[in-house]
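Per the numbering used here, the sequence shown starts with residue 4, numbered consecutively.
The C-beta atom is built at its ideal place from N, Cα and C for all residues, glycine as well.
Predicted, not measured: the structure shown is a model, and the values here were computed from it.
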Amino acid sequence: MSCENKNDHYSAALSAQDIEKYLSKEIYVRVFDKIDSTNNEAKRLLENGFRGKALIVSEAQTSGRGRLGRTFYSPEKTGLYFTVIIPGNMGFANAALLTPAAAVSVARVIKRESKKNVKIKWVNDIYFEDKKICGILAEAVTDSSLNDLAGIAVGIGINLSTVDFPKEIESVASSLDIKNADRNFIAASIAKELFSFAENISERAFIPEYREMSYVTGKDIFVIKGEQRYEARAVGIDNDGGLITELSDGSTMILRGGEISVRVKDISR
Ligand code: BTN
Numbered sequence: 004m005s006c007e008n009k010n011d012h013y014s015a016a017l018s019a020q021d022i023e024k025y026l027s028k029e030i031y032v033r034v035f036d037k038i039d040s041t042n043n044e045a046k047r048l049l050e051n052g053f054r055g056k057a058l059i060v061s062e063a064q065t066s067g068r069g070r071l072g073r074t075f076y077s078p079e080k081t082g083l084y085f086t087v088i089i090p091g092n093m094g095f096a097n098a099a100l101l102t103p104a105a106a107v108s109v110a111r112v113i114k115r116e117s118k119k120n121v122k123i124k125w126v127n128d129i130y131f132e133d134k135k136i137c138g139i140l141a142e143a144v145t146d147s148s149l150n151d152l153a154g155i156a157v158g159i160g161i162n163l164s165t166v167d168f169p170k171e172i173e174s175v176a177s178s179l180d181i182k183n184a185d186r187n188f189i190a191a192s193i194a195k196e197l198f199s200f201a202e203n204i205s206e207r208a209f210i211p212e213y214r215e216m217s218y219v220t221g222k223d224i225f226v227i228k229g230e231q232r233y234e235a236r237a238v239g240i241d242n243d244g245g246l247i248t249e250l251s252d253g254s255t256m257i258l259r260g261g262e263i264s265v266r267v268k269d270i271s272r
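Here you go:
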């Protein structure tokens with residue numbers, strides 16, 4: 004087999020037809036060769052009146068986005084970049100639970116299909132061997148006529164076999180090192196898990212696994228909130244997916260997603 008570039012891959016092309024085989028008919032599936040961002044596309048759909056379930060996938064993204072205004076490196080074929088649209092009739096508080104639900108969906112499918120022992124780094128990253136191999140970005144679109152949400156775009160980016168990362172992320176990013184993944188099946192399986200959790204989101208069925216797979220619990224961390232940075236110890240996850248931390252004065256503080264990120268102290272990432 005000839006090498007196209009350093010980010011070589013051997014997996015089959017993405018195809019809407021293949022993905023649809025694994026999903027129920029009501030789910031709208033769209034596959035792009037290249038797009039700015041699958042989350043942008045999902046938001047465009049919702050802003051133009053789409054109200055249903057969808058799975059938008061792309062071989063590559065030119066403006067892949069992460070939390071806190073970061074970019075998400077999305078080269079062609081060596082990763083899986085997709086957005087699941089979840090109907091918005093669940094209210095804002097429940098919508099916030101979709102990030103931990105998505106993390107458990109991704110981790111479950113990766114573990115099942117690759118047998119790799121991945122962990123969830125609060126709040127939205129999946130780690131393999133102390134490096135980030137997946138990020139999740141959930142974005143809500145509101146519907147003013149309903150005074151509720153039009154839908155939630157849950158974007159997921161997984162590095163399957165990417166090796167050639169940009170300098171600024173090469174010390175923290177990695178891949179699962181899987182070159183023959185059936186990306187159609189993986190995207191459909193993760194979406195299926197997430198749709199199923201979303202159906203009864205208030206039951207929080209994913210929380211026990213979110214706790215079990217936590218990468219940070221029991222570790223000393225840096226909490227970063229804008230310019231603020233302080234040390235704490237991660238001691239658990241609460242029922243809403245918040246990170247329970249203990250500060251040096253013995254007090255407890257629960258961190259909620261939003262603008263906060265954490266770094267594990269001993270490896271500074
Ligand atoms: C993060 O690392 O903070 C989250 C990264 C989320 C990346 C995915 S890739 C598919 C979807 N489209 C985007 O632009 N972002 C998400």
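Residue i by DSSP, collapsed to three states: which one?
i, result
"Q20", "helix"
"N183", "coil"
"T255", "strand"
"K124", "strand"
"R207", "coil"
"K118", "coil"
"F329", "The question about residue 329 has no answer, for the chain in this structure spans 4 to 272."
"A194", "helix"
"A15", "coil"
"S5", "Bear in mind that a pLDDT of 37 at S5, under 50, signals an unreliable position, so the number given afterwards is only what the model happens to contain. In the structure shown, S5 sits in coil (DSSP, three-state: anything other than H, G, I, E or B)."
"V166", "coil"
"S40", "coil"
"I113", "helix"
"L48", "helix"
"G91", "coil"
"E29", "coil"
Does the Cβ-Cβ distance between residue i and residue j come in under 7 Å?
i, j, result
"V34", "E23", "no"
"L17", "E62", "yes"
"I190", "V157", "Before going further, note that residue 190 is Ala rather than Ile in the sequence given. Not closer than 7 Å, so no."
"T165", "G82", "yes"
"L48", "A153", "no"
"L140", "G69", "yes"
"S27", "S66", "no"
"R236", "D252", "no"
"F168", "A176", "yes"
"I89", "A45", "no"
"S273", "L163", "The first residue shown for the chain is 4 and the last is 272, placing residue 273 beyond what the model contains."
"L101", "I155", "yes"
"D151", "G91", "yes"
"S217", "I129", "no"
"K119", "F131", "yes"
"V112", "S192", "yes"
"F200", "F209", "yes"
"Q64", "I30", "no"
"V265", "V226", "yes"
"I263", "I247", "no"
"V121", "A110", "yes"
"R214", "I240", "yes"
"I204", "N43", "no"
"V107", "E212", "yes"
"I159", "F85", "yes"
"L71", "A194", "no"
Tell me the DSSP bridge mates of residue i?
i, result
"K273", "In this structure the chain extends from 4 to 272, so residue 273 is not present and cannot be described."
"G261", "DSSP, once it has assigned bridges, lists no residue as partnering G261."
"D151", "D146"
"G158", "T86 and L140"
"F35", "S61"
"A99", "Beta-bridge pairing links A99 to no other residue."
"A176", "K135"
Continuous beta strand (DSSP E) assignments of at least 3 residues falling wholly in the region 211-253:
Unbroken beta strand (DSSP E) stretches of 3 residues or longer found wholly inside the region 211-253: 223-228, 231-240 and 246-249, given in chain order.
Which full runs of the alpha helix (DSSP H) of 4+ residues lie inside the region 53-85, going along the chain?
DSSP runs (the alpha helix (DSSP H)) wholly in the region 53-85: none.
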